[in-house]
Ligand SMILES: Cc1cc2nc3c(=O)[nH]c(=O)nc-3n(C[C@H](O)[C@H](O)[C@H](O)COP(=O)(O)OP(=O)(O)OC[C@H]3O[C@@H](n4cnc5c(N)ncnc54)[C@H](O)[C@@H]3O)c2cc1C
């Protein structure tokens, strides 16, 4: 998305200037001058993440180089009551790294060290600013790689992946970030060093590692991560199937899983999406198909040959009109290049796009796609669909022009409707991009006030003063009342005493 919908703050008022002065004085004791940015031209590049519709300039940006500096920054801000937003590469799509106007952005960009690769234990210990792909590149010498592969893997950091519990094409077979991280070291807002998990497959005590992964930078600042590595498969092949109806394609996904096959990747794109990417990367897609499905098998040569045969059989029985199987590594990568470039290709169709991230039971894929078609008419906006079909993780991309405020409001309402449809179909409002600021209102639809209070209680256990990435992820009761779409159980409106605006 290109155009700023919420205009960034331009000048600091007197109170903010005083706050900034105090903050800089305190951080001056902790950081060398080259690690602290405060001039407007230096802080502006940090005003947003991948959800560029929302922009805010922070009081300052800290770029520490050591863990002890991170700890002292947190302690200083804790004492001053200054909120902190941790930041990796800023590729997040839900506004998780959006600055707080009166706060500090804490960038982990300088934490780029691969601390250790242990090929015998098949683990890598890395600093949080290491790029996702850089882990696999470093492990390649040992025939190993890090399986979770967000499409942004060339840029996004492992710290961001831990915070968002990121997924990718390979997560259907190999699991999400939470299934591939053994240990996390972090620092709380009060400056306490905490560690969850261990180098062993399990750790004593409560499983707080899985609580921490996906906490969107609200519980602690990650300073080191140990991940699992897996052997690179001997071979891989991809089947590309065409369907003349999106619903039939969606049902084929459910049929593959029902047949007991767990492919290494199972992704779907609708016709507008294939048309957009074909012009961009020439992947060889069937442009007459209403939808195409990409299904990858990996393993030994024999395993792949057998699985491809079974997949082909299921796809034909499910109504595929045309099937192609990659005949070389070059062709396999070409088939995937379209899917991997779908987001940038959407940028060619429209000045702006709004990427949704709902997850639904696989059997409901066809139903949701049909409902989205209806919403396109209702909101007078186009929507293209690319998604991790095997995980039921949908990425409808709503196309709009950000210079037109009415179009943006329609896009926002369209997106919220899609997420509500996901909840209604038995799914959830986020699959892998997080809640951030983007989906905070939709949390009111998904969760009851009691559930949201429980989330706040967990947040308070890590950050009692509420200074770490505040006002994101969990909506307050007042916010939900204002949004007007409360979780209604048994027809009873919760807390009728709360004022509705
Ligand atoms: C083109 C494109 C494709 C994408 N494809 C995928 C995909 O396939 N799958 C997927 O899951 N996501 C995808 N994303 C979203 C994004 O890349 C992921 O959410 C990623 O994990 C963000 O990493 P980052 O380093 O950029 O984090 P940022 O955007 O900088 O931050 C994200 C969140 O993590 C927190 N955070 C960052 N670092 C730390 C830290 N060290 N300690 C504590 N909190 C921290 C931030 O506060 C923020 O809440 C895509 C994004 C783009 C732009």
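Residue numbers (my numbering): 970 to 1470.
In this text, a Cβ means the ideal position worked out from N, Cα and C, and glycines have one as well.
- Cα atoms of residue 1272 and residue 1139: separation of roughly 17 angstroms, rounded to the nearest angstrom.
- The three-state reading of DSSP puts residue 1162 in strand, counting E and B together.
- Taking the C-beta atoms as reference points, residue 1020 is found no nearer than 9 angstroms to residue 1376.
- Runs of the alpha helix (DSSP H) lying entirely within the segment 1115-1157, each at least 4 residues long, are 1127-1133, 1140-1143, 1146-1149 in chain order.
- In the structure shown, residue 1047 adopts helical secondary structure according to DSSP, grouped into three states.
- The three-state reading of DSSP puts residue 1382 in helix, counting H, G and I together.
- Leaving aside the five residues that flank residue 1252 on each side, the residues in its chain whose CB is nearer than 7 angstroms to its CB run, in chain order, 1246, 1303, 1304, 1306, 1307.
- Placement of the Cβ of residue 1018 at a distance of less than 8 angstroms from at least one heavy atom of ligand 1 is found.
- A check of alpha carbon separations from residue 1238 across 1430, 1358, 1095, 1011 identifies 1358 as the nearest.
- If you draw a straight line from the Cα of residue 1177 to the Cα of residue 1240, it is about 43 angstroms long.
- Where residue 1055 is concerned, the enclosing beta strand (DSSP E) starts and stops at 1053-1056.
- When the five nearest sequence neighbours on each side are left out, the beta carbons in the same chain lying within less than 6 angstroms of the beta carbon of residue 1268 are those of 1202, in order along the chain.
- Your pair residue 1058 and residue 1042 does not check out as a contact, with CB atoms roughly 19 angstroms apart and the cut at 8 angstroms.
- Between residue 1219 and residue 1260, the CB-CB gap stays under 9 angstroms.
- Ligand 1 has a heavy atom closer than 8 angstroms to the beta-carbon of residue 1135.
- Counting every other CB atom within 10 Å of its CB across the protein chains shown gives residue 1050 a total below 16, marking it as exposed.
- Residue 1378 places its beta carbon 9 angstroms or farther from that of residue 1325.
- A Cβ-Cβ separation of about 6 angstroms places residue 1401 in contact with residue 1362 under the 8 angstroms criterion.
- In this structure, ligand 1 has no non-hydrogen atom nearer than 8 angstroms to the beta-carbon of residue 1236.
- Contact annotation: residue 1452 and residue 1384 have beta-carbon atoms that are not nearer than 9 angstroms.
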